[in-house]
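Quick note, the sequences are listed as chains A and B, same order.
Taking the working numbering, the leading residue of the first sequence gets 5, the next gets one more, and so forth.
Taking the working numbering, the leading residue of the second sequence gets 5, the next gets one more, and so forth.
Following: one structure in structure tokens, then a few remarks.
Protein chains: 2
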Amino acid sequence: MKEKTKAQDICEELGLKLTPQRMAILGYLDGNTSHPSAEDIFAAVSRRFPGMSLATVYNTLASLKEKGKLLELTIDPAKKRYDPDTRPHHHLICLDCKRVSDIDRAFDLEIPDSLRNGFQITGNHIEFYGYCPECKGAAVKR
Amino acid sequence: MKEKTKAQDICEELGLKLTPQRMAILGYLDGNTSHPSAEDIFAAVSRRFPGMSLATVYNTLASLKEKGKLLELTIDPAKKRYDPDTRPHHHLICLDCKRVSDIDRAFDLEIPDSLRNGFQITGNHIEFYGYCPECKGAAVKR
DNA sequence: TATCAATTTAGAATTAATCTAAATGAAAGA
DNA sequence: TCTTTCATTTAGATTAATTCTAAATTGATA
Numbered sequence: 005m006k007e008k009t010k011a012q013d014i015c016e017e018l019g020l021k022l023t024p025q026r027m028a029i030l031g032y033l034d035g036n037t038s039h040p041s042a043e044d045i046f047a048a049v050s051r052r053f054p055g056m057s058l059a060t061v062y063n064t065l066a067s068l069k070e071k072g073k074l075l076e077l078t079i080d081p082a083k084k085r086y087d088p089d090t091r092p093h094h095h096l097i098c099l100d101c102k103r104v105s106d107i108d109r110a111f112d113l114e115i116p117d118s119l120r121n122g123f124q125i126t127g128n129h130i131e132f133y134g135y136c137p138e139c140k141g142a143a144v145k146r
Numbered sequence: 005m006k007e008k009t010k011a012q013d014i015c016e017e018l019g020l021k022l023t024p025q026r027m028a029i030l031g032y033l034d035g036n037t038s039h040p041s042a043e044d045i046f047a048a049v050s051r052r053f054p055g056m057s058l059a060t061v062y063n064t065l066a067s068l069k070e071k072g073k074l075l076e077l078t079i080d081p082a083k084k085r086y087d088p089d090t091r092p093h094h095h096l097i098c099l100d101c102k103r104v105s106d107i108d109r110a111f112d113l114e115i116p117d118s119l120r121n122g123f124q125i126t127g128n129h130i131e132f133y134g135y136c137p138e139c140k141g142a143a144v145k146r
């Protein structure tokens with residue numbers, strides 16, 4: 005009997021067809037903590053799957069995001085980054101190389117009504133910034 | 005004796021020439037809490053100053069940002085937003101209309117070395133998201 | 001196996017942002 | 001005040017990310 009992959013599980017759960025392109029994208033994202041951009045995903049998946057379209061990457065990301073299986077991070081000024089870990093957590097971005105790293109820790113961010121400006125708050129995300137181990141040394145010169 | 009505007013003060017402090025375009029942009033930004041995009045600024049300033057170029061807006065924003073007189077916010081997925089209030093503070097974004105509101109409150113966001121992943125952390129920014137007073141009602145239908 | 005709707009595809013279109021090179025103009029010195 | 005100079009402005013081209021379009025393909029179901 006064939007093993008079922010996580011990618012297959014996800015597609016079935018979401019009611020999406022099991023296409024090879026989708027399997028490859030989901031396989032690449034599974035457990036991936038590099039917070040890749042659409043272009044990164046396209047480059048990686050294209051290597052094993054030549055001829056695929058960048059549009060397919062965007063289509064698949066849109067479906068996953070819509071169904072809550074993927075976070076779209078607005079943290080890199082140049083482009084969107086994606087995170088398959090949808091549990092609440094925060095991020096650390098290197099100001100130099102833009103590497104994004106996870107911060108798995110909860111913070112108490114209660115806000116009194118008086119500061120909410122009438123908003124209904126549904127979530128939060130902390131962006132820590134600084135320099136990654138590789139860029140830290142070079143940062144001295146700045 | 006002529007009064008000196010804040011815009012003039014800033015230009016002198018930064019060693020920038022006092023051009024009418026710059027004065028208009030700085031005047032528009034002074035005390036502005038709407039977190040405008042470059043396009044917003046261009047639209048507003050063009051009204052009083054027809055014929056100016058969008059490139060001038062980008063040039064001026066780049067100068068101000070570089071000199072630490074302006075924050076570039078990476079909070080709206082569609083475009084950069086700018087904030088003339090450079091004191092540390094956080095933001096609240098409406099998921100519907102993308103309105104951005106200030107949260108003037110300090111949070112204790114100490115991170116133990118063990119969670120820093122080798123990064124040198126230099127700052128942080130919290131993005132709260134939810135629905136603004138105007139969009140809150142409509143949110144029920146979602 | 002036939003059907004049908006979902007998906008993929010290439011490429012065009014859109015949009016934000018940056019770049020370029022020529023024209024302009026603010027400011028400092030003569 | 002007049003010159004000179006260099007920063008700034010400008011229009012338009014360019015780049016890069018993302019979205020859209022319409023035709024071809026294909027997975028899933030009957």
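Cβ atoms here follow ideal geometry from the backbone N, Cα and C, with glycine treated the same way.
This one's a predicted model, so the numbers in the text were calculated from it and none came from an experiment.
Residue(s) in a DSSP beta bridge with B/His94: B/Ile107
When A/Gly122, A/Ile14, A/Asp117 are compared against A/Leu33, the one with the closest alpha-carbon: A/Ile14
A/Arg85 versus A/Leu77 - alpha carbon distance: CA-CA distance, A/Arg85 to A/Leu77, rounds to 5 Å.
Beta-carbon proximity of B/Ile79 to B/Ile97, cut-off 8 Å: Between B/Ile79 and B/Ile97, the C-beta spacing is below 8 Å.
Any C-beta of chain A under 8 Å from that of B/Lys140: yes
Neighbourhood of B/Ile107 by C-beta distance below 8 Å, restricted to the same chain and skipping five residues each side: Only His93, His94, His95, Leu96, Ile130, Phe132 meet the Cβ criterion.
With 16 other Cβ atoms within 10 Å as the buried cut-off, status of B/Lys145: Reliability of the predicted coordinates at B/Lys145 is poor, the pLDDT of 48 falling under 50, and the value obtained from them is presented with this limitation in mind. The residue is exposed, with fewer than 16 neighbouring Cβ atoms inside 10 Å.
Cβ contact (3+ pairs, closer than 8 Å) linking the region 58-73 of chain A and the region 12-30 of chain A: yes
Cβ-Cβ separation, B/Leu75 to B/Asp87 (assumed contact under 8 Å), whole Å: 4 Å
Secondary structure of A/Thr37, DSSP reduced to three states: coil
B/Lys73 to A/Gly19 span [Cα, whole Å]: Spanning the two alpha carbons is a distance of roughly 50 Å.
A/Arg85, enclosing beta strand (DSSP E) - first and last residue: 85-87
CB-CB length for A/Phe111 against B/Leu119, believed under 8 Å: Wrong, their Cβ atoms sit about 12 Å apart, outside the cutoff.
Straight-line gap, A/Asp117 to B/Gly127 (C-alpha atoms, nearest Å): 26 Å
Chain-order list of residues whose beta-carbon lies under 7 Å from that of B/Leu65 (same chain, five-residue window excluded): Hits under 7 Å: Ala42, Leu74, Tyr86.
Endpoints, beta strand (DSSP E) assigned at B/Thr60: Element bounds for B/Thr60: not the beta strand (DSSP E) but the alpha helix (DSSP H), 58-70.
Separation of B/Ser105 from A/Arg103, as counted between CA atoms: 28 Å
Neighbour-count burial assignment, A/Gly134, 16 or more Cβ in a 10 Å radius: buried
Residue span of the alpha helix (DSSP H) that contains A/Phe46, given as start and end: 42-52
Proximity test, Cβ basis, 8 Å: A/Lys84 and chain B: yes
Selection of the region 15-33 of chain B by Cβ proximity to chain A, strictly under 8 Å: none
Per-residue burial, B/Pro40 [other beta carbons within 10 Å of its own, 16 or more giving buried]: Burial call: buried.
B/Leu114, DSSP secondary structure in three states: A small correction: the amino acid at residue 114 of chain B is Glu; Leu does not occupy that position in the sequence shown. Residue state, collapsed to three classes: coil.
6 Å Cβ shell around B/Lys10 - same chain, five flanking residues per side excluded: Asp34
Residue-chain proximity (A/Cys136, chain B), Cβ-Cβ < 8 Å: yes
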